Structures are given as structure tokens and as C-alpha cells.
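In the UniProt record's numbering, the protein residues as written are 1 to 433.
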């Protein structure tokens with residue numbers, strides 16, 4: 001059972017609606033391109049960041065991968081490199097032609113442009129995630145993944161703006177990945193609303209012995225900001241992030257009761273389609289390091305259940321916050337070496353899951369199989385108009401603009417003023433009746 005979450009059956013129905021204030025801000029978001037929003041952890045709206053190339057040569061890139069030293073990758077590789085394990089990257093697609101991913105990417109599926117008209121990864125987000133998991137280690141240059149011999153199963157669910165409008169597409173992606181051999185699923189995406197369809201798909205993955213990893217979310221606007229969904233779904237490993245070369249929480253990370261593990265999230269160099277690199281930061285890039293660790297463990301212990309893999313990652317994590325599990329770092333920093341070598345007793349089920357042995361009825365209906373009486377009803381329970389995959393990718397030394405920050409703050413103030421004025425008018429009318 002996830003620490004701090006009351007026990008009970010998985011909540012497949014009756015998901016809570018977003019607060020009115022969040023809905024109002026979302027309405028403002030729809031009117032302004034997301035690309036206009038700066039990289040500022042105080043902004044509350046979905047953000048897409050203009051990419052920036054890294055000019056270093058490929059043979060210099062590896063020297064900048066501080067996360068490999070932080071996680072003891074070279075020692076871990078003496079025991080496991082992830083060979084034989086398939087990791088699904090449910091994201092913006094993956095460009096398998098990138099030199100660092102050559103021979104690592106399996107045939108996948110594009111649920112956004114099923115006719116195949118789009119580029120393999122028009123955004124680059126998924127390619128970066130895939131490189132952090134399984135970038136090659138046999139060419140002495142470029143990005144190397146933490147599980148360099150794992151295979152990537154790409155599932156595209158994010159559009160050209162790195163968003164999805166409906167959680168159903170992610171649910172379909174999860175089910176497809178499970179049915180096509182994924183042993184670990186990485187979800188570097190999320191939003192504030194819940195989804196029964198996605199919860200059912202995740203149950204489907206658990207029942208078929210798949211480890212599911214997701215990011216906690218970026219750019220927390222207040223201490224009360226909720227961990228993104230699906231990271232807060234019971235059973236999912238919700239991953240927060242650390243600042244570069246430290247045990248300090250990354251300043252943009254959303255954390256809370258659902259936080260499970262932490263991994264490097266800042267100052268990372270990632271593969272960029274078609275053959276370049278860029279610097280990125282965000283919990284989107286911490287999650288794949290935990291997914292890669294799960295792949296290392298699954299390769300080392302091929303008969304081990306997904307629940308035991310999850311438990312092993314939890315009990316071997318390095319406690320870097322207050323003693324024991326806490327809401328900022330979860331159980332601590334993921335530790336590939338300990339996860340591969342420690343003597344950990346077996347468990348009966350995933351310790352994060354509050355729904356034991358769901359059986360086929362626990363999966364809920366297949367996505368889209370049950371019509372809703374009201375065509376305007378939100379049958380998925382996903383109330384946010386768009387998903388909120390907020391991340392950073394920019395050139396080294398680039399400065400964040402403040403102009404659009406003021407634009408968004410002004411927009412939020414405008415919404416608050418208009419709402420207040422309407423309430424005053426309503427009260428005035430009522431008092432004169």
C-alpha cells in the first residue's frame with residue numbers, strides 16, 4: 001500500500017473534478033500558444049520549451065552525463081545492462097534513426113497519426129527519454145542509457161505540441177504496450193485530472209506483470225499542487241527529481257503523498273532527433289532513469305514478479321530526506337547497484353498497489369467500449385482540457401525570458417478580477433430584490 005494513502009479498492013469511477021480556479025486558468029491557456037510560456041517554476045499553465053542544441057561533439061557528450069556517476073552506472077553494469085528487457089516509452093514517439101538508439105528501438109505504434117504521415121518524433125521528448133533509458137554503450141560517444149542493452153518499444157500518444165487532449169489515447173497506448181511485450185512502461189507525461197480508463201489500463205498492466213513508472217510533474221505553483229496523474233495512481237512508481245550533482249530537490253518538481261522515488265532531473269544531456277543533443281530538465285527525465293533501473297533488475301532476475309521489482313527499488317533506495325519515506329523524496333534516490341545486489345525478501349504483491357488481485361473485473365471496460373448517455377459527459381473523468389507535459393530543453397547558458405511570465409501572471413490576475421466582479425454584481429442584484 002502506498003504510504004499515506006488510505007486502503008481500499010482502486011477508484012475506477014467517481015473521479016474528483018478539478019477546482020473552478022484551475023478550470024478558469026485552463027481557459028486562459030487555450031487562448032495563448034503554450035510555446036509563449038517561459039521556463040518558470042511559478043507558472044501554473046502547460047509549458048512547451050523551445051529546443052536548443054548542444055554544440056559539444058558526440059564524444060564529449062558522455063562526459064556531461066553526471067547522472068551515470070550519481071547512480072553508479074558503471075558498477076551496476078557489471079551485474080546487468082538490461083539485455084532482453086523491453087521498455088515501452090509512451091510519449092511523443094521515438095526516432096530510432098538517432099545514432100545513440102541504433103538497434104535499440106523495436107517497431108512501435110503511432111496513435112496520433114496512425115497513417116504514418118508524421119515524423120517518428122516531431123517533438124523530441126520521447127527520443128530523449130528513450131536515450132536516457134537505452135542509449136548505446138558500444139560506440140564510446142553520445143548519450144548512453146542507464147540500461148544500454150534494453151530495447152525500446154515506442155508508443156506515440158503526444159501531438160506536435162507535446163500534449164494529449166484525451167486520456168483515452170494514453171490508456172490505449174498502455175494496453176497496446178502490454179499486449180506487445182513491454183515489461184516496463186515509462187510515462188513521462190501527466191495532468192491534474194484522473195481517468196478511469198487509464199486506471200483500468202494500468203490495472204491491466206499490473207495483472208500482466210508489468211512495472212509502470214511515471215513522473216510526478218513539473219513547475220509546482222504552490223505547496224498544495226498535486227502530483228500528476230497517472231503518477232498518483234496506486235501501484236505506479238511516481239518519480240520526482242534532483243538538482244544537478246546534489247541531493248537537493250529540483251526546484252520545479254511537484255511532490256506529495258504519492259511521491260515514491262527520486263532520480264536526477266536537472267542538467268541532463270539528451271539525444272535530440274535526428275542526430276543531435278540538447279540539455280533538458282524535468283521529472284520527465286528522472287522517470288526514465290527509474291524505468292531503466294527496473295529494466296536492469298528484470299534482466300538480472302528474469303523470473304522476478306513486477307511487484308517484487310517495485311519492492312526491491314523501494315527498499316534499496318538511498319534515504320536522502322527526513323528519516324524514512326517523506327513527501328518530497330519518497331523512499332529516496334533510486335540505487336541501481338543496491339537494487340541489483342541486495343538481499344531483499346520476496347513480497348506477495350506490489351507494495352504500492354491498494355487493489356490486491358484485481359482479476360479481469362478489476363480492469364474495467366475496454367477504452368471506448370461503453371457509450372455514455374450524455375454526449376457532453378466526461379466519461380473518462382479527465383477534466384483538464386489538455387495534458388500538462390511541462391519540461392525544459394534549451395542551449396547551455398540560455399536565459400529564460402520574463403516577458404511572457406508577466407503575460408501569464410497578468411492573465412491569471414485578469415481571471416480573478418473578472419470572477420470577483422461577477423460575484424459582486426450578483427450580490428448587488430440579490431440585495432436589491
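C-beta: ideal position from N, C-alpha, C; glycine also. None of the values given here were measured: they were computed from a predicted structure.
If you count every other CB in all the chains shown that lies within 10 Å of the CB of residue i, and 16 or more means buried, which is it?
i, result
"residue 169", "buried"
"residue 288", "buried"
"residue 311", "buried"
"residue 268", "buried"
"residue 298", "buried"
"residue 323", "exposed"
"residue 154", "buried"
"residue 122", "buried"
"residue 75", "exposed"
"residue 132", "buried"
"residue 325", "buried"
"residue 303", "exposed"
"residue 108", "buried"
"residue 281", "buried"
"residue 353", "buried"
"residue 286", "buried"
"residue 346", "exposed"
"residue 114", "exposed"
"residue 275", "exposed"
"residue 102", "exposed"
"residue 235", "buried"
"residue 95", "buried"
"residue 138", "exposed"
"residue 82", "buried"
"residue 69", "exposed"
"residue 331", "buried"
"residue 162", "buried"
"residue 224", "exposed"
"residue 193", "buried"
Let's see if you can read the secondary structure: which residues bound the beta strand (DSSP E) around residue i?
i, result
"residue 264", "261-264"
"residue 279", "276-281"
"residue 339", "First-last for residue 339: 336-341, but that is the alpha helix (DSSP H), not the beta strand (DSSP E)."
"residue 68", "Taken as a continuous stretch (DSSP letters only), residue 68 belongs to no beta strand (DSSP E), being part of the alpha helix (DSSP H) at 66-70."
"residue 182", "Note, residue 182: premise wrong, no beta strand (DSSP E); not H, not E."
"residue 214", "211-215"
"residue 152", "151-156"
"residue 241", "237-242"
"residue 269", "268-272"
Who are the Cβ neighbours of residue i in its own chain at under 6 Å, not counting the five residues just before and after it?
i, result
"residue 329", "262, 320, 321"
"residue 73", "146"
"residue 64", "269"
"residue 84", "299"
"residue 106", "151, 153"
"residue 338", "316"
"residue 160", "122"
"residue 89", "126, 129, 130, 152, 154, 186"
"residue 344", "312, 315"
"residue 348", "none"
Could you tell me how far apart the beta carbons of residue i and residue j are, in whole angstroms, since I believe they sit closer than 8 Å?
i, j, result
"residue 256", "residue 226", "6 Å"
"residue 284", "residue 129", "7 Å"
"residue 188", "residue 91", "6 Å"
"residue 177", "residue 197", "Rounded, the Cβ-Cβ distance is 15 Å, inconsistent with contact."
"residue 135", "residue 148", "6 Å"
"residue 124", "residue 273", "5 Å"
Check for me: the alpha helix (DSSP H) holding residue i runs from which residue to which?
i, result
"residue 204", "196-207"
"residue 328", "Run containing residue 328: none; DSSP gives neither H nor E here."
"residue 311", "306-315"
"residue 89", "Where residue 89 is concerned, there is no enclosing alpha helix (DSSP H), although the beta strand (DSSP E) it sits in stretches over 86-91."
"residue 169", "167-179"
"residue 75", "73-76"
Near residue i, what residues of its chain come up, given a Cβ to Cβ distance below 8 Å and the 5 sequence neighbours on each side ignored?
i, result
"residue 290", "213, 237, 239, 261, 263, 313, 334"
"residue 116", "110"
"residue 376", "Because residue 376 carries a pLDDT of 36, less than 50, the predicted location of this residue cannot be relied on, and the following value inherits that uncertainty. Contacts found: none."
"residue 350", "206, 235, 306, 307, 310, 311"
"residue 158", "91, 92, 93, 112, 123, 125, 126, 164, 189, 387, 389"
I'd like the list of long-range same chain contacts for residue i, defined as Cβ closer than 7 Å, with 5 residues on each side in sequence excluded.
i, result
"residue 341", "79"
"residue 67", "264, 268, 289"
"residue 305", "209"
"residue 294", "184, 211, 213, 309, 313"
"residue 118", "110, 112"
Are any of the Cβ atoms in chain D nearer than 9 Å to that of residue i?
i, result
"residue 354", "You won't find chain D in this structure, because it holds only one protein chain."
The ligand PLP and residue i: does any heavy atom of the ligand fall closer than 8 Å to the residue's C-beta?
i, result
"residue 79", "This structure simply doesn't include the ligand PLP, nor any ligand for that matter."
Task: Start-end ranges of the beta strand (DSSP E) lying completely within the stretch 90-127, minimum 3 residues - done: For the stretch 90-127, not a single whole beta strand (DSSP E) run of length 3 or above is found.
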